Amino acid sequence: MKVIHVVTTTDVGGAQIMLLRYLSALKDDAQSHSVISLVPPGSVASQIEALGVEVVDLGLRPGRITLGALWRLRRMLRDARPDVVHGWMYHGCLAAWAGLKLLPKRQRAAQVWAVHHSLQDINNEKRSTQMVVRMMATLSRKVELITYCSMVSQQQHEAIGFCPDRVELIANAVDTEVFKPDPNARARLSEIASIPEGRLIIGNVARSHPMKDHVAMVKATAQLAEAGHDVHAVLVGEGHRGSLAEQTAQDLNIQDRVSIIDTRPDIHRIVPGFDIFLLSSAWGEAFPLAVSEAMAAEVPCVVTDVGDCAALVGDTGRVVPPAQPEKQALAVAELIDEGPVARATLGKLARERVTKNFSTGIYVDRHYAAYDRALSVKI
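For the sequence shown, counting from 1, position 292 maps to 292 in the UniProt record's numbering; every step adds exactly one.
Here it is in structure tokens:
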């Protein structure tokens, strides 16, 4: 089966990492797949190419889709003659639809849209993104299949008009051979982030963005320190330097308890060094990879109740309301008070949970079943 993936971008992001993880799990079959990015290549592109998968781009500026680019996409699809065109992320899905629509009907491949975003409130999105999402809702009945990575995301998109008839829920996968416990990770992380010996490390992996609400995490850290807990927050990802979260740490006089680590390729060597993972997001999460990766590394998690976070952690972590840093602090304090043995037990249960339910093998099988279904109902 020949598959072309049309993606918005190959910069680092949850959907892009899942595409990389998916193609990696295909092994030799990966060479029957190729990737078309709307914008010039990002850092994930070279990792995909290292698998023997071709990556090309349309040279667009972020957030823009031009008629000329769509004609180039049409030509690529016509020449490649794939069985399935798999759109990823909003702009990638819309471009995939348009590129196929420009072809004669007999030349059109079956189309699958992959939605990796939640829509707690569409008004939180940029105006251009709102327009794309509403256009997709109108066009969704003309697509063979839509996949969602979370049940909440499916419900939210169907509430604004996405077709509910041909859908599949395919939860994100975690590579438990890569993300796993590492007894040396804590010392490594403490050295990288200059964390004083003995401090309990609260970690988060996400780019700086209002929806991630890192300000709430900093406020929770301040509350914990004020209550007498010797804690240290570590923010890993792009954009944290000079951010509102960093400024908040200075305003609360806890800058010595907050460290920033830029995006790095060996994140699997960092995450096991956390004592507790705190997902502080206020909105926008569907099925956060960072949480499943922390669980695979046997790190107990505190998550806000956004997307499918509660379903992901189950009874292996703590779930709190979004945008309430005081509740985040209380949940973290509970785990601190329970002690290291209890936290280790939760961590082991968390790893068992993701290993059983969210493996890369399951992810591959679900996608190929989705392709078969899309081909069987080709519109």
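Where a beta carbon is used, it is the ideal one built from N, C-alpha and C, also for glycine. Predicted model, so just to flag it, every value in this text is computed and none were measured.
Quiz item: What's the gap between the Cα of Glu238 and the Cα of Val44?
Solution: Glu238 and Val44: Cα-Cα distance of roughly 14 Å.
Self-check item: Spatial neighbours of Ala323 in its chain, beta-carbon cut-off 7 Å, leaving aside the 5 residues before and after
Solution: Sequence-distant partners of Ala323 (beyond 5 residues in either direction) whose C-beta falls short of 7 Å from its own C-beta, in its chain, are Asp213, Ala216 and Ala282.
Practice problem: Give me the Cα-Cα distance between Arg61 and Gln328, rounded to the nearest whole angstrom. | Solution: Cα-Cα distance, rounded: 38 Å.
Quiz item: How would you call Pro272, buried or exposed, if buried means at least 16 neighbouring beta carbons within 10 angstroms?
Solution: Here Pro272 is buried, its C-beta having at least 16 other C-beta atoms within 10 Å.
Quiz item: Three or more C-beta pairs closer than 8 Å, one from the segment 165-181 and one from the segment 247-264: is that the case here?
Solution: Result no; under three Cβ-Cβ pairs closer than 8 Å.
Quiz prompt | Reduced DSSP secondary structure (H/G/I, E/B, other) of Glu168 | solution = For Glu168, the three-state secondary structure derived from DSSP is strand.
Quiz item: Relative to the C-alpha of Cys309, which residue among Ala137, Ser150 and Arg269 is closest?
Solution: Taking only the C-alpha atoms, the option nearest Cys309 is Ser150.
Practice problem: Report yes or no: do three or more beta-carbon pairs, one from the segment 297-315 and one from the segment 226-245, lie closer than 8 Å? | Solution: As far as the Cβ criterion goes, the segment 297-315 does not touch the segment 226-245, which means the pair count is below three.
Quiz item: In chain order, what residues of the same chain have a beta carbon less than 8 Å from the beta carbon of Ile17, not counting five sequence neighbours either side?
Solution: The answer, listed in chain order, is Val44 and Leu289.
Quiz prompt | Beta bridge counterpart(s) of Asp57 as assigned by DSSP | solution = Beta-bridge pairing links Asp57 to Ser37.
Quiz prompt | Candidates Gln156, Phe274 and His209, of which the one nearest Arg186 by Cα | solution = Checked all of Gln156, Phe274 and His209; the closest Cα to Arg186 is Phe274.
Quiz item: For Cys301, does the three-state DSSP call read helix, strand or coil?
Solution: Strand, per DSSP.
Quiz item: What residues in its chain sit with their C-beta under 8 Å from that of Gly42, if we drop five residues either side in the sequence?
Solution: Closer than 8 Å at Cβ, skipping near neighbours: Thr9, Thr10, Asp11, Val12 and Gln16.
Self-check item: Segment limits, beta strand (DSSP E) that includes His367
Solution: Not the beta strand (DSSP E): His367 falls in the alpha helix (DSSP H), residues Thr360 to Ser376.
Quiz item: Span of the alpha helix (DSSP H) holding Trp97?
Solution: It spans Tyr90 to Lys101 - the alpha helix (DSSP H) in which Trp97 sits, taken as one unbroken run.
Quiz item: Taking one C-beta from the segment 81-92 and one from the segment 105-117 each time, how about it: are there three or more such pairs within less than 8 Å?
Solution: Yes: at least three Cβ pairs fall under 8 Å.
Quiz item: Tell me, which residues are paired with Gln283 by DSSP?
Solution: Here the sequence assigns Trp to residue 283, which means Gln is not the residue at that position. According to DSSP, Trp283 bridges with nothing at all.
Quiz prompt | Candidates Ile4, Ala159 and Arg351: closest to Pro181 by CA position | solution = It is Arg351 whose Cα lies nearest to the Cα of Pro181.
Self-check item: Contact check, Ile192 vs Ile261, beta carbons under 9 Å
Solution: In contact: Ile192 and Ile261 (Cβ atoms closer than 9 Å).
Exercise. Buried or exposed for Trp88, please, with buried defined as at least 16 other CB atoms from any protein chain shown within 10 angstroms of its CB.
Key: Here Trp88 is buried: its Cβ has 16 or more other Cβ atoms, across all protein chains shown, within 10 Å.
Self-check item: Run of the alpha helix (DSSP H) containing Val231, from where it starts to where it stops
Solution: No alpha helix (DSSP H) contains Val231, which is instead part of the beta strand (DSSP E) from Val231 to Val236.
Quiz prompt | Pair within 9 Å by beta-carbon distance, Gly161 and Thr129 | solution = Not in contact: Gly161 and Thr129 (Cβ atoms no closer than 9 Å).
Quiz item: What first and last residue would you give for the alpha helix (DSSP H) that runs through Ser127?
Solution: A quick correction: the sequence has Arg, not Ser, at residue 127. For Arg127, the enclosing alpha helix (DSSP H) begins and ends at Arg127 to Leu139.
Quiz item: Skipping 5 residues on each side, what residues in its chain have a beta carbon closer than 6 Å to that of Val39?
Solution: Contacts found: Thr9, Leu60 and Pro62.
Exercise. Provide the residue span of the alpha helix (DSSP H) that contains Val291, from first to last.
Key: Annotation for Val291: the continuous alpha helix (DSSP H) segment containing it runs Leu289 to Ala296.
Exercise. Grab me the residues of Ser359's own chain with a C-beta within less than 8 Å of its C-beta, minus the 5 sequence neighbours each way, in chain order.
Key: Excluding sequence neighbours, Ser359 sits near Ala173, Val174 and Thr176.
Exercise. Would you kindly report the start and end of the unbroken alpha helix (DSSP H) that includes Val341?
Key: First-last of the alpha helix (DSSP H) with Val341: Pro325 to Asn357.
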